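Enquirer:
Below you can see the structure in the form of structure tokens.
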């Protein structure tokens, strides 16, 4: 997959350490779940999981990653993890627009959804700016170093995507 400025390459075992570095980055670690090497290796081998390294097209420099799960029977695309190291340059919006296209136009999913911690104000604002709909809150659903965390569910349906396109 690619955009004007980004190239998304399927992750290989050689990419796992880099992905873990993005997960553990101080700017990301508060909001991005951190997987183990073994978990990422299983994700690479799972046909219902997409795990991609996000690179700048021009330099091939890795600037992030994304992981998604597919529920083919229910036509659901769960965007599990996304991290971009170069913030405020439009890469996130460019990436998400491509992911929406991939989910709805190429994979023919009915729904793309994600969860975001309640204290991730930047993420919440970003998802809302993309037109994602807040579905609800999973209250105190995940334990983190900073306590029990609410997870807010955001989604886009196929019909909504095509109406806005």
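In the working numbering, the protein residues as written are 8 to 172.
Glycine included, C-beta positions come from ideal geometry on N, C-alpha and C.
No experiment lies behind these values; they were computed from the predicted model shown.
Taking 6 Å as the limit between beta carbons, can you name the residues of its chain near residue 22, skipping five residues before and five after?
Expert: 60
Enquirer: Let me make sure I understand the geometry here. Which of 171, 143, 140 and 125 has the alpha-carbon closest to that of residue 157?
Expert: 125
Enquirer: Check the DSSP bridge columns for residue 85 and list the partner residues they point to.
Expert: 76 and 120
Enquirer: Quick one: any contact between the segment 90-105 and the segment 21-35, if contact means 3 or more CB pairs under 8 Å?
Expert: Segment contact: the segment 90-105 against the segment 21-35, three or more CB-CB distances shorter than 8 Å; contact assigned.
Enquirer: Exposed or buried, residue 78, counting other C-beta atoms within 10 Å across all chains shown (16 or more means buried)?
Expert: exposed
Enquirer: Starting from the N-terminal side, write out each stretch of the beta strand (DSSP E) that is 3 residues or longer and does not extend beyond the segment 105-165.
Expert: Listed in chain order, they are 118-124, 140-151 and 154-164.
Enquirer: Using only the alpha-carbon positions, how far apart do residue 74 and residue 56 sit?
Expert: 7 Å
Enquirer: Three-state secondary structure (DSSP) at residue 172?
Expert: coil
Enquirer: Give the C-beta separation of residue 117 and residue 82 to the nearest angstrom, bearing in mind that I take them to be a contact with Cβ-Cβ under 8 Å.
Expert: Confirmed, Cβ separation roughly 4 Å.
Enquirer: Does the Cβ-Cβ distance between residue 119 and residue 84 come in under 7 Å?
Expert: yes
Enquirer: Which residues in the same chain as residue 65 place their Cβ atom closer than 8 Å to its Cβ, once the five residues preceding and following it in sequence are excluded?
Expert: If we look at residue 65 and ignore the five residues flanking it on each side, its Cβ neighbours are 12.
Enquirer: Tell me which same chain residues have a C-beta within less than 8 Å of the C-beta of residue 123, skipping the five on either side of it?
Expert: Excluding sequence neighbours, residue 123 sits near 38, 130, 131, 134, 158, 159 and 161.
Enquirer: Can you check DSSP and say which residues form a bridge with residue 59?
Expert: Residue 59 pairs with 17 and 73.
Enquirer: So for residue 34, helix, strand or coil by DSSP?
Expert: Residue 34 falls in the coil class under three-state DSSP.
Enquirer: Just to confirm before moving on: does the CB-CB distance between residue 58 and residue 45 stay below 7 Å?
Expert: no
Enquirer: Within a Cβ cutoff of 8 Å, which residues of the same chain sit near residue 169, ignoring the five residues on either side of it in sequence?
Expert: 111
Enquirer: Between the beta-carbon of residue 69 and the beta-carbon of residue 25, is there less than 7 Å?
Expert: Taking 7 Å as the Cβ cut-off, residue 69 and residue 25 qualify as a contacting pair.
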